[in-house]
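Okay, structure first, notes after.
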Amino acid sequence: MWLPTALLFAVAVSQIVLAMFANLSPWKGGGFGMFATTDGTAYRFIRLIVDAPGRSEELSVPAALDEAALRAQLFPADYFLRQLARAVADREQRQGRPVSSVRVEAWRIVYDGVPLRGTEQRLRTFTLHLSPPLEPPHE
Amino acid sequence: MHVPLALRLTALTLLLRPMGPWTVRPLILLCAGVALLSPRALLRPLTWYTLAALIALRIAADWPVPDNHIYLLAYWCLAAALALGAGNGVGSHDGERHDSRPHYERVIATSGRLLIGSAFLLAVLWKAALSTDYLDGRFFRVTWLTDDRFSDTVQLLGGLSQPQLDHNRDVLKALPEGAELLHPPALEEPRAFLRLVLVSTWGMLVVESLIAATFLLPLGPRLSVVRHPLLLAFCVVTYAIAPVAGFGWLLLTMGVALCRREQRALRATYVATWFLVLLYSEVPWASLAIGWLGGSSG
Numbered sequence: 548m549w550l551p552t553a554l555l556f557a558v559a560v561s562q563i564v565l566a567m568f569a570n571l572s573p574w575k576g577g578g579f580g581m582f583a584t585t586d587g588t589a590y591r592f593i594r595l596i597v598d599a600p601g602r603s604e605e606l607s608v609p610a611a612l613d614e615a616a617l618r619a620q621l622f623p624a625d626y627f628l629r630q631l632a633r634a635v636a637d638r639e640q641r642q643g644r645p646v647s648s649v650r651v652e653a654w655r656i657v658y659d660g661v662p663l664r665g666t667e668q669r670l671r672t673f674t675l676h677l678s679p680p681l682e683p684p685h686e
Numbered sequence: 082m083h084v085p086l087a088l089r090l091t092a093l094t095l096l097l098r099p100m101g102p103w104t105v106r107p108l109i110l111l112c113a114g115v116a117l118l119s120p121r122a123l124l125r126p127l128t129w130y131t132l133a134a135l136i137a138l139r140i141a142a143d144w145p146v147p148d149n150h151i152y153l154l155a156y157w158c159l160a161a162a163l164a165l166g167a168g169n170g171v172g173s174h175d176g177e178r179h180d181s182r183p184h185y186e187r188v189i190a191t192s193g194r195l196l197i198g199s200a201f202l203l204a205v206l207w208k209a210a211l212s213t214d215y216l217d218g219r220f221f222r223v224t225w226l227t228d229d230r231f232s233d234t235v236q237l238l239g240g241l242s243q244p245q246l247d248h249n250r251d252v253l254k255a256l257p258e259g260a261e262l263l264h265p266p267a268l269e270e271p272r273a274f275l276r277l278v279l280v281s282t283w284g285m286l287v288v289e290s291l292i293a294a295t296f297l298l299p300l301g302p303r304l305s306v307v308r309h310p311l312l313l314a315f316c317v318v319t320y321a322i323a324p325v326a327g328f329g330w331l332l333l334t335m336g337v338a339l340c341r342r343e344q345r346a347l348r349a350t351y352v353a354t355w356f357l358v359l360l361y362s363e364v365p366w367a368s369l370a371i372g373w374l375g376g377s378s379g
């Protein structure tokens, strides 16, 4: 009878710790922080910057990587940021574009001040260096 | 017969909102379908252990994306499995001295009560103590103005016109880190909108606090009757606006499990509200109301 409630609190305490100290969105993770803060999915976003010799470009998140980007924006831990960076690098290479590093930035929008306004605030940055740089496949 | 009803509603919820990756989704649908069609499967602990495990797998596979009610659904399925496995002996439980319900019905009712109370307690903790932008009204100011899902509602209840809403969205567009506008434009917030922000911020907090208290505190039989109207009122109001029918269905399903056998009218009210939430999720009532008001005033 108590086990489900004990599990609920165990998960919720972990969620609170992750939200307070590791940038997990309070809306997610089983801690029931939804509708309590603007720090949710709609007010977080990801920036992708790809570098290579002669190339430095910001990419929009491709539809195929929406899921990976969503995870990284909701919980910008190294694991999810690296996964996304790796997927971007693989995709660039498949499409024949050079890539030596992928930078993933997780951002949120903070609403504050009088008059009220939104300001972008960087949560975390992760750079994946590819060594040796991935070259486009040769025909 | 309220526990089988609650379990059927749980199965129906799972079927109405298929979830998870393809590796888990068909199995959840299959289990829920079998539970709905077979009275034997419905009351077998194995069915609910399996569903709890599959939903937990879904959470792990998609983490951290799943919403909070998916976690609650997993706990609820586990509670059902444990209760059904607890047997049918008769005895007293949960402070009910003359409760003649079978043991598993009392266990599942207590679990449901604790789960509802705990979920609301945590929701209150976040709003009142952990969040930095709830109590001053910023959360609802920003959400009402910028979330597309609430555009119709905020026009209907907040007295905002579409041009005002568009202006406010422009004002709230995020500036780059460190940037400042020389003459920052102000939001257009009519009195009705500010009232809506105030009522939604404090109304939500007060009702959620009351639900947490009445479901968790050991109230006597007289005081505990206020639990149900509070939960029903919360669901009727919240899920008319919030697009998370699955959460509403789950709370109402657990409410059904809390009803004693003789509380037929209460049980019927829960079921009617369950279907009301279904209607809310399928009928764009706020948009229809705006159209109707626009037509009747023009």
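Read top to bottom, the protein sequences are chains A and B. Anchor point for the first sequence: position 128 equals 675 in the numbering used here, and the numbering is continuous, going up by one each time. Anchor point for the second sequence: position 288 equals 369 in the numbering used here, and the numbering is continuous, going up by one each time. Each residue gets a CB set at the ideal place from its N, CA and C atoms; glycine is no exception. None of these values were measured; they are calculated from a predicted model.
Which residues of chain B have a Cβ atom closer than 9 Å to the Cβ of residue i, listed in chain order?
{"i": "Glu605 of chain A", "result": "Going along chain B, no residue has its Cβ under 9 Å from Glu605 of chain A, so there is no contact; the nearest lies around 13 Å."}
{"i": "Ile563 of chain A", "result": "Leu203, Leu206, Trp207, Leu211"}
{"i": "Tyr626 of chain A", "result": "In chain order: nothing, as chain B lies at least about 11 Å away."}
Between residue i and residue j, how many whole angstroms is the CB-CB distance? I'm expecting something under 8 Å.
{"i": "Arg219 of chain B", "j": "Thr585 of chain A", "result": "7 Å"}
{"i": "Val105 of chain B", "j": "Leu153 of chain B", "result": "No, Val105 of chain B and Leu153 of chain B are not in contact; Cβ-Cβ is about 18 Å, not under 8 Å."}
{"i": "Gly576 of chain A", "j": "Leu565 of chain A", "result": "6 Å"}
{"i": "Phe622 of chain A", "j": "Pro145 of chain B", "result": "5 Å"}
{"i": "Ala615 of chain A", "j": "Ala634 of chain A", "result": "5 Å"}
{"i": "Leu262 of chain B", "j": "Trp225 of chain B", "result": "Wrong, their Cβ atoms sit about 23 Å apart, outside the cutoff."}
{"i": "Leu124 of chain B", "j": "Leu163 of chain B", "result": "Their Cβ separation, rounded to whole angstroms, is 13 Å, which puts Leu124 of chain B and Leu163 of chain B out of contact at 8 Å."}
{"i": "Cys340 of chain B", "j": "His83 of chain B", "result": "5 Å"}
{"i": "Phe579 of chain A", "j": "Ala204 of chain B", "result": "5 Å"}
{"i": "Trp207 of chain B", "j": "Ala583 of chain A", "result": "4 Å"}
Using a C-beta to C-beta distance shorter than 8 Å, which residues of chain B count as neighbours of residue i?
{"i": "Glu667 of chain A", "result": "Ala255, Leu256, Pro257, Glu258"}
{"i": "Arg594 of chain A", "result": "Going along chain B, no residue has its Cβ under 8 Å from Arg594 of chain A, so there is no contact; the nearest lies around 11 Å."}
{"i": "Pro662 of chain A", "result": "Val252, Pro265, Pro266, Ala267, Leu268"}
Take residue i and list the residues in its own chain whose beta-carbon comes closer than 7 Å to its own, dropping the five residues that flank it on each side.
{"i": "Ala122 of chain B", "result": "Val115, Ala116, Thr128"}
{"i": "Cys316 of chain B", "result": "Gly329, Leu332, Leu333, Thr354, Val358"}
{"i": "Ala629 of chain A", "result": "Residue identity differs from the one stated: residue 629 of chain A is Arg in this sequence, not Ala. Same-chain partners within the cutoff: Phe673, Leu675."}
{"i": "Gly587 of chain A", "result": "Ser572, Trp574"}
{"i": "His309 of chain B", "result": "Gly336, Leu347"}
{"i": "Leu108 of chain B", "result": "Leu135"}
{"i": "Thr227 of chain B", "result": "Arg250, Leu253"}
{"i": "Gly240 of chain B", "result": "Pro271, Ala273, Phe274"}
Among all the DSSP beta bridges, which residues are the ones paired with residue i?
{"i": "Phe673 of chain A", "result": "A:Val651"}
{"i": "Pro551 of chain A", "result": "For Pro551 of chain A, which the question treats as bridged, DSSP gives no partner whatsoever."}
{"i": "Gln515 of chain A", "result": "The structure shown does not extend to residue 515 of chain A, since chain A spans only 548 to 686, so no value can be given for it."}
{"i": "Ile596 of chain A", "result": "A:Glu605, A:Arg650"}
{"i": "Leu256 of chain B", "result": "A:Thr666"}
{"i": "Arg121 of chain B", "result": "Its beta-bridge partners do not exist; DSSP assigns none."}
{"i": "Arg591 of chain A", "result": "A:Arg655"}
List, in chain order, every chain B residue whose beta-carbon is nearer than 7 Å to that of residue i.
{"i": "Val558 of chain A", "result": "Tyr152"}
{"i": "Ala589 of chain A", "result": "Asp228"}
{"i": "Phe568 of chain A", "result": "Neighbours of Phe568 of chain A on chain B: none; closest Cβ ~12 Å, over 7 Å."}
Among the residues of its own chain, which have a CB less than 6 Å from the CB of residue i, if the five just before and after it don't count?
{"i": "Ser252 of chain B", "result": "A quick correction: the sequence has Val, not Ser, at residue 252 of chain B. So the qualifying residues of the chain are Pro266, Leu268."}
{"i": "Ala113 of chain B", "result": "Ala92, Leu95, Leu96"}
{"i": "Met380 of chain B", "result": "No answer is possible for residue 380 of chain B: the residues shown for chain B start at 82 and end at 379."}
{"i": "Phe627 of chain A", "result": "Arg618, Ala619"}
{"i": "Asn570 of chain A", "result": "Pro623, Leu670"}
{"i": "Pro324 of chain B", "result": "Arg230"}
{"i": "Ala553 of chain A", "result": "none"}
{"i": "Ser603 of chain A", "result": "none"}
{"i": "Ile596 of chain A", "result": "Glu605, Arg650"}
{"i": "Val558 of chain A", "result": "Gly577"}
{"i": "Val381 of chain B", "result": "Since the displayed chain B opens at 82 and closes at 379, residue 381 of chain B lies outside it and no answer follows."}
Quick one: list the residues of chain A neighbouring residue i, beta-carbon separation under 7 Å, in chain order.
{"i": "Pro145 of chain B", "result": "Leu571, Lys575, Gly576, Arg618, Leu621, Phe622"}
{"i": "Leu195 of chain B", "result": "Thr552"}
{"i": "Ala92 of chain B", "result": "The premise fails here: Ala92 of chain B is roughly 18 Å from chain A at the closest Cβ pair, so nothing lies under 7 Å."}
{"i": "Tyr215 of chain B", "result": "Ala583, Thr584"}
{"i": "Val188 of chain B", "result": "Met548"}
Mind listing the chain A neighbours of residue i? Cutoff is C-beta to C-beta under 9 Å, in chain order.
{"i": "Ala321 of chain B", "result": "Result: empty, since nearest Cβ-Cβ is about 14 Å, beyond 9 Å."}
{"i": "Asp148 of chain B", "result": "Trp574, Lys575, Met581"}
Can you name the residues of chain A whose CB is closer than 8 Å to the CB of residue i?
{"i": "Tyr156 of chain B", "result": "Pro551, Thr552, Leu554, Leu555"}
{"i": "Ser192 of chain B", "result": "Met548, Pro551, Thr552"}
{"i": "Leu159 of chain B", "result": "Leu550, Pro551, Leu554"}
{"i": "Leu163 of chain B", "result": "Met548, Leu550, Pro551"}
{"i": "Ala200 of chain B", "result": "Leu555, Phe579"}
If we define contact as Cβ-Cβ less than 8 Å, is residue i a contact residue for chain E?
{"i": "Phe673 of chain A", "result": "Checking the listed chains, one finds no chain E in this structure; the protein chains it contains are A and B."}
Grab me the residues of residue i's own chain with a C-beta within less than 8 Å of its C-beta, minus the 5 sequence neighbours each way, in chain order.
{"i": "Ser362 of chain B", "result": "Tyr320, Pro324, Ala326"}
{"i": "Leu90 of chain B", "result": "Trp330, Leu333, Thr334, Val337, Val352, Trp355"}
{"i": "Leu237 of chain B", "result": "Ala367, Ala370, Ile371, Leu374"}
Could you tell me whether any non-hydrogen atom of the ligand PLP is closer than 7 Å to the CB of residue i?
{"i": "Val560 of chain A", "result": "With respect to small molecules bound, the structure shown includes none, and the ligand PLP cannot be examined in it."}
Near-chain A residues of the region 220-244 of chain B - C-beta to any C-beta below 8 Å: Phe220, Arg222, Val223, Thr224, Thr227, Asp228
Which residues, in order along the region 286-304 of chain B, keep a beta-carbon less than 7 Å from a beta-carbon of chain A? none
Please name the residues in the region 263-282 of chain B whose beta-carbon is closer than 8 Å to at least one beta-carbon of chain A, in chain order. Pro265, Pro266, Ala267, Leu268
At a Cβ cut of 7 Å, what residues of the region 118-146 of chain B count as close to chain A, listed as they run along the chain? Pro145, Val146
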